[in-house]
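Working notes for the structure below.
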Amino acid sequence: LEEAERMLIMKAQWDEFKDEIVSLGDGQSISVHSRIRSLNPELSSNGLLRAAGRLSACEALPFDVKYPIILPKGHHITRLIVGSYHQRYLHQKFETTLAAIRQRYWVINARTVLKKVVSACQRCRNVKAKPAFPQMAPLPKARTTGFNKPFSYTGVDYFGPLNVSIGRRREKRWGALFTCLTTRAVHLELATDLSTDAFLMCLRSMQNRRGRIVHLFCDNG
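For what it's worth, the numbering used here labels the leading residue of the sequence shown as 113, then goes sequentially.
Below you can see the structure in the form of C-alpha cells.
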C-alpha cells in the first residue's frame, strides 16, 4: 500500500511539477517563476518532492513533519488524499483536518482544496442542509373578510381537563376557547363536561356577550 501511494503521489507531482523535478534531479536550482519555490523543495531518495522548512534540526519531530510531501492543489489524487483525511477524522472542522494533513503533506492552497472536498461530501451536505418549509395555503374567506363585527367568524376548541375544588370534592372542568378568525380576539367559557348540552350552554353564553356568530368552525369533536 505504501508503494502504491508513493507511485500515485509521484504521478501527481510529475503531472504538475515536472520541470522542478527534472531540475532538482540534475542538481540545479528551480526556476524563480516556479509556484513552489517559496517552499524550498527538495527531491528525496524515493523520488518525492518535499518541502524543506526550518525544522530540519528538530530531532523530536518525525521525518514527514519536518519534510512534508508537496501536493498540487488541482490534481485528482490530491483531492482523494484530502478526502480520505476528511472521512478518517469524522468530518470534523477545517482546522482539525488541516492539522492532520500537515503532519505528512503540504497541499498547495490546502484550505481551498478542503473546502471543495467538504462541499462535495454528501454527509456534510445532509448535516448542514436547511429544512425546506412548505408554502402556506391562501387564507380562507373567514380570515380576510373585513368590516364585520368581531366574532362573526369564530373558531372553537376545548382544552383541559382542569381540576377544580367544589367544597370538599374535586371535579373536572373543560375550557371552551372561542377565537375571532378576523381579529384573533379570544373568549373563554367553562364547560362542566364534554356533552353537547354543556357546549350549547357555552355557545349561548358566548353569543350573549359577543353577538350572533355568522359561521362557526370546529374540529367536529
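C-beta: ideal position from N, C-alpha, C; glycine also.
**OP:** Decide if the region 136-143 is in contact with the region 173-188; the criterion is three or more beta carbon pairs, one per stretch, under 8 angstroms apart.
**Re:** The answer is no - the region 173-188 does not touch the region 136-143, with fewer than three Cβ pairs under 8 angstroms.
Subject >> Among Thr-294, Ile-213, Ile-121, the one whose alpha carbon lies nearest that of Ala-254 >> reply: Taking each of Thr-294, Ile-213, Ile-121 in turn and checking the Cα distance to Ala-254, the smallest one comes out for Thr-294.
Subject >> Three-state secondary structure (DSSP) of Cys-292 >> reply: Reduced to three states, the DSSP call for Cys-292 is strand.
Original post:
DSSP puts Pro-153 in a beta bridge; with which residues?
Top reply: Per DSSP, the beta bridge partners of Pro-153 are Ala-163.
Original post:
How far does the alpha helix (DSSP H) with His-188 in it reach, from first residue to last?
Top reply: Taken as a continuous stretch (DSSP letters only), the alpha helix (DSSP H) holding His-188 covers 188-200.
Subject >> First through last residue of the alpha helix (DSSP H) which encompasses Ser-135 >> reply: Run containing Ser-135: 130-137, per the alpha helix (DSSP H) assignment.
Original post:
Out of curiosity, what's the CA-to-CA distance linking Arg-216 and Ala-232?
Top reply: Using only the alpha carbons, I get a separation of about 23 angstroms.
**OP:** Tell me whether Ser-157 is buried or exposed, calling it buried when 16 or more other Cβ atoms sit within 10 Å of its Cβ.
**Re:** Its Cβ having fewer than 16 others within 10 Å, Ser-157 is exposed.
Original post:
Pairing CB atoms from the region 148-157 with CB atoms from the region 125-134, are three or more of them under 8 angstroms?
Top reply: Yes, the region 148-157 is in contact with the region 125-134.
Original post:
By Cβ distance below 8 angstroms, which residues in the same chain neighbour Gly-279 in space, the five residues on each side in sequence not counted?
Top reply: Correct list: empty, nothing qualifies.
Original post:
Between Gly-267 and Phe-329, which are expected to be in contact by the criterion C-beta below 8 angstroms, what is the C-beta distance as a whole number of angstroms?
Top reply: Beta-carbon to beta-carbon, Gly-267 and Phe-329 are separated by about 4 angstroms, close enough to satisfy the 8 angstroms threshold.
Original post:
Are the beta-carbon atoms of Arg-322 and Phe-263 separated by less than 8 angstroms?
Top reply: Yes, Cβ-Cβ distance for Arg-322 and Phe-263 is below 8 angstroms.
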